[in-house]
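Numbering (my numbering), first residue to last: 1 to 142.
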């Protein structure tokens with residue numbers, strides 16, 4: 001099993017999101033898993049008491065869960081993009097998500113989760129399941 005420091009939970013049915021997730025997997029310490037995967041659903045329920053539909057970056061080392069705009073900015077920062085790119089992605093996250101959703105035929109908007117949350121103990125206990133599922137490489141990325 002690969003030893004990821006962080007795992008990205010993304011819309012695995014969106015072709016654009018899948019391409020972005022494949023690119024981000026090139027970061028050695030970040031795995032990716034579809035939001036639709038059972039391990040992702042269990043993690044989100046443990047962390048939030050529900051399964052919000054949004055992009056999440058779960059960082060076990062920093063004991064944080066970045067959501068929505070915060071996840072987009074953190075990923076841009078980790079990818080080494082100039083600061084302005086991260087700010088543009090963060091500031092336009094909702095607009096980008098709607099355009100991508102319409103283009104992919106998703107038919108739903110992301111839920112309103114955009115903060116940096118402390119990683120809960122129950123969710124932390126499920127982190128290895130996220131890593132194992134990310135290691136298997138979601139079908140959308142194959």
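Ideal Cβ positions, reconstructed from N, Cα and C, are used throughout, including at glycine.
Which class does residue i belong to by DSSP, given the choice of helix, strand or coil?
i           : result
residue 53  : coil
residue 32  : strand
residue 8   : strand
residue 59  : strand
residue 86  : Since pLDDT at residue 86 reaches only 45, below the 50 mark, its modelled position is unreliable, and the value read off the structure follows with that caveat. Looking at residue 86 - three-state DSSP - the assignment turns out to be helix.
residue 67  : strand
residue 129 : helix
residue 134 : helix
Taking 8 Å as the threshold (C-beta atoms), are residue j and residue i in contact?
i           : j           : result
residue 30  : residue 6   : yes
residue 46  : residue 130 : no
residue 60  : residue 124 : yes
residue 116 : residue 58  : no
residue 126 : residue 32  : no
residue 37  : residue 132 : no
Pull up the CB-CB distance for residue i and residue j, whole angstroms please, since I reckon it's below 8 Å.
i           : j           : result
residue 54  : residue 111 : 5 Å
residue 118 : residue 78  : So it is not a contact: roughly 19 Å between Cβ atoms.
Can you tell me where the beta strand (DSSP E) holding residue i begins and where it ends?
i           : result
residue 117 : 116–118
Between which two residues does the alpha helix (DSSP H) carrying residue i extend?
i           : result
residue 121 : 121–124
residue 42  : 38–48
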